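S.K.: For the sequence shown, my numbering gives the first residue as 716, with consecutive numbering after it.
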Amino acid sequence: MRSFILVVVSLILFFFDHKSHYFDALRSQVSFIVIPIQYAVNWPVELAHILKDNFVSKQIIFEENNQLRTELLQINAKLQRLDFLEHENSQLRVLLNSSKPGKSKIVAAQLLNSVVDNFGQQITIDKGKQHGVYVGQPVLDAYGLLGQVILVEDLVSKVLLITNGKSAIPVMINRNGFRTIALGVGSSDYLELVNIPETADIKEGDSLVTSGLGQRFPAGHLIGVVSEVKRVVGERFLKVVVVPAAHINRDLHVLLVWPAEVERVKRVKK
716 MRSFILVVVS
726 LILFFFDHKS
736 HYFDALRSQV
746 SFIVIPIQYA
756 VNWPVELAHI
766 LKDNFVSKQI
776 IFEENNQLRT
786 ELLQINAKLQ
796 RLDFLEHENS
806 QLRVLLNSSK
816 PGKSKIVAAQ
826 LLNSVVDNFG
836 QQITIDKGKQ
846 HGVYVGQPVL
856 DAYGLLGQVI
866 LVEDLVSKVL
876 LITNGKSAIP
886 VMINRNGFRT
896 IALGVGSSDY
906 LELVNIPETA
916 DIKEGDSLVT
926 SGLGQRFPAG
936 HLIGVVSEVK
946 RVVGERFLKV
956 VVVPAAHINR
966 DLHVLLVWPA
976 EVERVKRVKK
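(1) Do you know offhand how far Ser903's Cα is from Thr895's?
(2) Should the region 844-852 be regarded as contacting the region 880-894, the criterion being three or more beta carbon pairs within less than 8 Å?
(3) Taking 8 Å as the threshold (C-beta atoms), are Val956 and Glu913 in contact?
(4) Hey, is the region 857-871 in contact with the region 934-943, meaning 3+ C-beta pairs nearer than 8 Å?
(5) On the DSSP letters alone, give me the boundaries of the beta strand (DSSP E) that Ser926 sits inside.
(6) Taking the alpha-carbon positions, what's the Leu928 to Ile917 distance?
(7) On the DSSP letters alone, give me the boundaries of the beta strand (DSSP E) that His846 sits inside.
(8) Mind checking Asn879: buried by the 16 CB within 10 Å criterion, or exposed?
(9) Short check: CB of Pro885 to CB of Val972, under 8 Å?
(10) In chain order, which beta strand (DSSP E) runs of at least 3 residues are fully inside the region 850-926?
(11) Looking at His968 and Gln863, is the spacing between their C-beta atoms short of 8 Å?
(12) To which residues does DSSP link Glu943 through a beta bridge?
(13) Could you check whether the Cβ of Ile896 sits closer than 7 Å to any heavy atom belonging to the ligand NAD?
(14) Suppose contacts are defined by Cβ-Cβ distances below 8 Å. Is Thr839 in contact with Leu827 by that definition?
(15) If distances are taken between C-alpha atoms only, which option among His962, Leu898 and Lys842 comes closest to Ser872?
(16) For Ile877, is the classification buried or exposed, using 16 other Cβ atoms within 10 angstroms of its Cβ as the cut-off for buried?
(17) For a test of the three-state rule: what should DSSP assign to Asn964, helix, strand or coil?
(18) Could you tell me the alpha carbon to alpha carbon distance between Ser926 and Met887, rounded to whole angstroms?
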């Protein structure tokens, strides 16, 4: 019954207000009080929406930033690879251009492993018996004689560098033809010439090339440059130091040389 009375009263008031606008002033005053309360109630909700939108925006920016960083790293990696390939191609061009014209057979090989210390001074290359490599074969880089093959397997070979303590190369001074032997001393930085008398015509800056004696190394390949000529007290011979022309432990590609005489002997045997 009470609910019915309230409904009837509400309808009467609604009808009366609609016809006479009696409650307009009261409604305006109530709205003046209620609106700030509504703002106060809604403000946390609006703030939550703003914070949520900001968080989503920051998350999107963060993800885009990470994606751009990844793409930049990939681009830089590709550029580094291109720089490496360009440098490698440049090395190959220099290497092939360094080979002397003639009847000698020449094949490029790639470095697989190197042991360049006071005990090793050896490298491994990716050519072997299947490529016709033989023990004693000369090996060059783009700048001079690098060494000789000492072990041959099916697909790889081991090369003794000219700086190895077991290496002895017949050489001559390019300026005057003076002949001697260049010995490795176990250091990548220098060689030494043996039994050079004090009267020998040799000086700093002289270029040394293979002499061709012994028929193992073709004549004319650059060995290095004399960097020091020193008289040792109490010794009969000069101490002569030579800086290798070959880039020991610096380049990835080398040349295998089949001297013309070796090729001729192989053809005769066939």
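Each residue gets a CB set at the ideal place from its N, CA and C atoms; glycine is no exception. Keep in mind it's a predicted model, so treat the numbers as computed, not measured.
M.R.: Per the coordinate set shown:
(1) To locate residue 903, count along the sequence shown from 1; it is residue 188. To locate residue 895, count along the sequence shown from 1; it is residue 180. Going by the C-alpha atoms only, they are around 20 Å apart.
(2) Output reads no: the region 880-894 does not touch the region 844-852.
(3) In the sequence shown, counting from the first residue as 1, residue 913 sits at position 198. In the sequence shown, counting from the first residue as 1, residue 956 sits at position 241. Between Glu913 and Val956, the gap from beta carbon to beta carbon reaches 8 Å or more.
(4) Flag = yes, the region 857-871 and the region 934-943 touch.
(5) Locating residue 926 in the sequence shown gives position 211, where the first residue counts as 1. First-last for Ser926: undefined, no H or E at that position.
(6) Mapped onto the sequence shown, residue 928 falls at position 213. Mapped onto the sequence shown, residue 917 falls at position 202. Approximately 20 Å between the Cα atoms of the pair.
(7) Numbered from 1 along the sequence shown, position 131 holds the residue referred to as residue 846. Looking at the DSSP string, His846 is not in any beta strand (DSSP E), and its letter there is neither H nor E.
(8) The residue you call residue 879 lines up with position 164 of the sequence shown. Buried, since its Cβ has 16 or more Cβ neighbours within 10 Å.
(9) Translated into positions along the sequence shown, residue 885 becomes position 170. Translated into positions along the sequence shown, residue 972 becomes position 257. Contact flag unset, no.
(10) Qualifying beta strand (DSSP E) stretches, in chain order: 853-855, 860-867, 872-876, 883-888, 894-899, 906-912 and 922-925.
(11) Locating residue 863 in the sequence shown gives position 148, where the first residue counts as 1. Locating residue 968 in the sequence shown gives position 253, where the first residue counts as 1. No, they are not a contact pair.
(12) Here residue 943 corresponds to residue number 228 of the sequence shown, with the count starting at 1. Partner(s): Val956.
(13) Here there are no bound small molecules, and the ligand NAD is not part of this structure.
(14) In the sequence shown, residue 839 corresponds to position 124, counting from 1. In the sequence shown, residue 827 corresponds to position 112, counting from 1. Yes, these two residues count as a Cβ contact at 8 Å.
(15) Sequence index remark: in the sequence shown, residue 872 carries index 157 (1-based). That would be Lys842, whose Cα lies nearest to the Cα of Ser872.
(16) Position 162 of the sequence shown, counting from 1, holds the residue named residue 877. With 16 or more Cβ atoms within 10 Å of its Cβ, Ile877 is classed as buried.
(17) Mapped onto the sequence shown, residue 964 falls at position 249. For Asn964, the secondary structure class from DSSP, reduced to helix, strand or coil, is coil.
(18) Indexing the sequence shown from 1 puts residue 926 at position 211. Indexing the sequence shown from 1 puts residue 887 at position 172. Rounded to whole angstroms, Ser926 to Met887 spans 5 Å at the Cα level.
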